[in-house]
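Residue numbers (UniProt numbering), protein chains in the order written: chain A, 1 to 508; chain B, 1 to 326. Let me begin by presenting the structure, written as structure tokens, before commenting on it.
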């Protein structure tokens, strides 16, 4: 009881409330700004918060972390541009929903499942942080490799029209990922004397290019007035009871996947969102709607990417090992305040653990409130004349990616990826698998080679976690192929089969 | 109500945009202050950091900038130019005007990258003083059979041991090469993506050992998650007083540290150089700077411009030998 009182009382200080609101405002803004991520904002803010009291400082940093997780959904849904990598999976169903004139519904649904995802994962943090965090220690290189291979099977379900084109796109992503220094030996690969290429292609610039800029270029090239119905006039905001029921299963699934992936260090909201979306699709009764504006898909993606917040907080606070890049900055700040995250935090400063959890929960609830209030204004942005809208987005993207590195190279990569994205769009190649390959390729390679260096090839199959994940990955690869074979057997000959072949690309 | 919220939001967004745009343009301010070098500095000084905001290099640089501002009487603009192991920033600094308005944080990598295929040469810079040091520590899992450096080295004579480090070509990988070189133990360095995952691999028992910065490991040592066998420095680390130095454990001169200092493009005018050197000395030995640096787990180790220049060059030669062997 005492711990609760001690933990909650510092939050009654009005300055803490001001810090909370400031953090939320900054967080939502940077989240919505493509290119600028939550970890960048937290890193920059940590320079200022060091002079504050720990509780005030934590209030600012944690609320930015939470706020960014709401803000980044907005451009994903409205203009197909992930605000941060964690919102990549949001674009898969969020943007199709917006194109169908359901942007309001998508934003409201996204806010609610995001809130739910964070709250569930925070409940896990409060109840079982220390035992759960032990999962993180089980994840050595062999287990990470298996998890990443499992993640790569998402490539199949993300390929909306043709598996073949999806796999080709995925291989392109994996190939691009080899540019830069070898992760183990440090040798140059495909650098061609260009110094900037030594650290590989900047991931954020590539995703903004492939999703947002490609869409923008495509619209600019199309010219013709699109008969988009005025979204604000359509305004159904609240999901119906049936839709709520529909989202229940993906929500539960997403919460579990997100929390676990969040606990694993070096795997964050981007990977969780994609895995959550994929699992929900495989378990859904209407998998064919995924990627074409499915509320289930949106719910699964956003729940799992937001549930990583509580997961990585768990690893960070209970083990002292940062669960993601934001938490790495957070640990740096906490150490300077004299608060060392790690097993002793829970025994020496239980009140601080309560304070941290309360800040996270307050931030989540307040973010939901802000999102709902501000929603209408955000959607009205889409009523702007198209040429202003897209020009504005282009400026935002250029400035956002430039600030990540202060280097024009990043902007060129973004624009180049945009051109590639348009070409792929016009030829029917999906962008999702490229991003997946780029995201997971380096993790797969580095962890495989670490595992081989440490124990040799046997460790991949003798470690239980990695063996199970690899088997799951095999099943993930096998089922769509079997399902497809079965589907074509069921169909008769003639036209029906030809049509089925085309649509069976969207795998169940 | 809604409309007002929208407007507030839009104004906020506009402010954020202009703020970021200003930040983006700030690189032009640094080189603007020409004039007579006797009056240096008359304008803002830009301090280039080779790593992302929020990391150790960034934190140290910002702490130094805070102390250096009142000494020089101008603003110090800290600018992050991350990428390509820090070489992006180093090449940028080498290409700037040597007028004192562009300086940078020089990490230990400046003595390493030239041997790893990057176009980085210490001869292209004027070094103005060392300001910090993160000594390396060898840690093993809590349930490891090895309790001393001697045990560990002995075991390494018969079998090869995996030693995690923060990345390919990092100073902690070189430390593992150096340890193997000095003791004859068979060590397989395993590069991870940063110091924290390398330490996590040792905590989780996936590797036989890890080399990491003292500040990175001290909490895990205190909590009993890992055992520290040796500090690669000439004196014990204050937060780990019971951990012997490598010299105490019988291996002289086995010192590896992530040091950092301040540098500028080569060819600074003499008076500019001495103004900066004395300013950096004052800032680096100030209480505020020491407070931030020690709290983040590093040591304040000051070396004058001449000492630091010699040190950088000797490290450059030493790493050349080690990397040639590795």
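Note that beta-carbon positions come from the ideal geometry of N, C-alpha and C, so glycine has one too.
Start and end residues, beta strand (DSSP E) containing residue i
{"i": "residue 227 of chain B", "result": "226 to 232"}
{"i": "residue 222 of chain A", "result": "Residue 222 of chain A -> not in any beta strand (DSSP E); alpha helix (DSSP H) instead, spanning 214 to 222."}
{"i": "residue 107 of chain B", "result": "102 to 107"}
Per DSSP, the bridge partner or partners of residue i
{"i": "residue 177 of chain B", "result": "DSSP, once it has assigned bridges, lists no residue as partnering residue 177 of chain B."}
{"i": "residue 364 of chain B", "result": "Coverage of chain B is limited to positions 1 through 326, which leaves residue 364 of chain B absent and any answer about it impossible."}
{"i": "residue 257 of chain B", "result": "B:135"}
{"i": "residue 64 of chain A", "result": "Answer by DSSP bridge pairing: none, since residue 64 of chain A is not bridged."}
{"i": "residue 299 of chain B", "result": "B:133"}
{"i": "residue 210 of chain B", "result": "B:139 and B:164"}
{"i": "residue 265 of chain B", "result": "B:125"}
{"i": "residue 46 of chain B", "result": "B:77 and B:102"}
Residue i: first and last residue of the uninterrupted alpha helix (DSSP H) it sits in
{"i": "residue 405 of chain A", "result": "386 to 405"}
{"i": "residue 48 of chain A", "result": "38 to 49"}
{"i": "residue 371 of chain A", "result": "350 to 380"}
{"i": "residue 10 of chain A", "result": "No alpha helix (DSSP H) holds residue 10 of chain A; DSSP gives it neither H nor E."}
{"i": "residue 251 of chain A", "result": "241 to 263"}
{"i": "residue 195 of chain A", "result": "Neither: residue 195 of chain A is in no alpha helix (DSSP H) and is coded neither H nor E."}
{"i": "residue 523 of chain A", "result": "Summary: the structure shown does not reach residue 523 of chain A, with chain A confined to residues 1 through 508, and so no result is reported for it."}
{"i": "residue 409 of chain A", "result": "408 to 427"}
{"i": "residue 339 of chain A", "result": "Per DSSP, residue 339 of chain A belongs to no alpha helix (DSSP H) and is neither H nor E."}
{"i": "residue 269 of chain A", "result": "269 to 283"}
Residue-chain proximity (residue i, chain B), Cβ-Cβ < 7 Å
{"i": "residue 349 of chain A", "result": "no"}
{"i": "residue 340 of chain A", "result": "yes"}
{"i": "residue 450 of chain A", "result": "yes"}
{"i": "residue 80 of chain A", "result": "no"}
{"i": "residue 344 of chain A", "result": "yes"}
{"i": "residue 398 of chain A", "result": "no"}
{"i": "residue 157 of chain A", "result": "no"}
{"i": "residue 265 of chain A", "result": "yes"}
{"i": "residue 253 of chain A", "result": "no"}
{"i": "residue 46 of chain A", "result": "yes"}
Selected residue, minimal CA-CA separation from residue i, among the options
{"i": "residue 157 of chain B", "options": "B:181, B:185, B:147 and B:172", "result": "B:185"}
{"i": "residue 152 of chain B", "options": "B:138, B:164 and B:165", "result": "B:138"}
{"i": "residue 107 of chain A", "options": "A:379, A:457 and A:477", "result": "A:379"}
{"i": "residue 31 of chain A", "options": "A:69, A:327 and A:368", "result": "A:69"}
{"i": "residue 166 of chain A", "options": "A:436, A:192 and A:487", "result": "A:436"}
{"i": "residue 82 of chain B", "options": "A:431, A:433, A:403 and A:467", "result": "A:403"}
{"i": "residue 244 of chain B", "options": "B:53, B:60, B:126 and B:227", "result": "B:227"}
{"i": "residue 197 of chain A", "options": "A:443, A:408, A:440 and A:418", "result": "A:408"}
{"i": "residue 85 of chain B", "options": "B:103, B:116 and B:97", "result": "B:116"}
{"i": "residue 202 of chain A", "options": "A:16, A:401 and A:112", "result": "A:401"}
{"i": "residue 327 of chain A", "options": "B:217, B:55, B:44 and B:51", "result": "B:55"}
{"i": "residue 423 of chain A", "options": "A:216, A:390, A:250 and A:303", "result": "A:216"}
{"i": "residue 149 of chain B", "options": "B:132, B:210 and B:311", "result": "B:210"}
{"i": "residue 141 of chain A", "options": "B:201, B:242 and B:305", "result": "B:201"}
{"i": "residue 173 of chain A", "options": "A:420, A:134 and A:482", "result": "A:420"}
{"i": "residue 302 of chain A", "options": "A:275, A:285 and A:318", "result": "A:275"}
{"i": "residue 105 of chain A", "options": "A:129, A:77 and A:367", "result": "A:77"}
{"i": "residue 35 of chain A", "options": "A:209, A:477, A:426 and A:350", "result": "A:209"}
{"i": "residue 357 of chain A", "options": "A:332, A:329 and A:316", "result": "A:316"}
{"i": "residue 158 of chain A", "options": "A:412, A:277 and A:306", "result": "A:277"}
{"i": "residue 90 of chain A", "options": "A:460, A:452, A:211 and A:176", "result": "A:211"}
Residue i at chain A interface by Cβ criterion, 7 Å
{"i": "residue 69 of chain B", "result": "no"}
{"i": "residue 200 of chain B", "result": "yes"}
{"i": "residue 211 of chain B", "result": "no"}
{"i": "residue 191 of chain B", "result": "yes"}
{"i": "residue 159 of chain B", "result": "no"}
{"i": "residue 116 of chain B", "result": "yes"}
{"i": "residue 188 of chain B", "result": "yes"}
{"i": "residue 273 of chain B", "result": "no"}
{"i": "residue 137 of chain B", "result": "no"}
{"i": "residue 33 of chain B", "result": "Residue placement at residue 33 of chain B is flagged as unreliable, the pLDDT there being 43, under the threshold of 50; the coordinate-derived value follows with that caveat. By this cut-off, residue 33 of chain B is not an interface position."}
{"i": "residue 111 of chain B", "result": "no"}
{"i": "residue 95 of chain B", "result": "no"}
In chain order, which beta strand (DSSP E) runs of at least 3 residues are fully inside the stretch 69 to 98 of chain B?
76 to 80
Can you pull out the residues from the stretch 291 to 304 of chain B whose beta carbon lies closer than 7 Å to at least one beta carbon of chain C?
No chain C is part of this structure, whose protein chains are labelled A and B.
Every unbroken alpha helix (DSSP H) inside the stretch 68 to 147 of chain A [4 residues or more]
73 to 79, 88 to 99 and 103 to 138
Runs of 4 residues minimum, wholly inside the stretch 290 to 321 of chain A: which ones carry the alpha helix (DSSP H) assignment?
295 to 319
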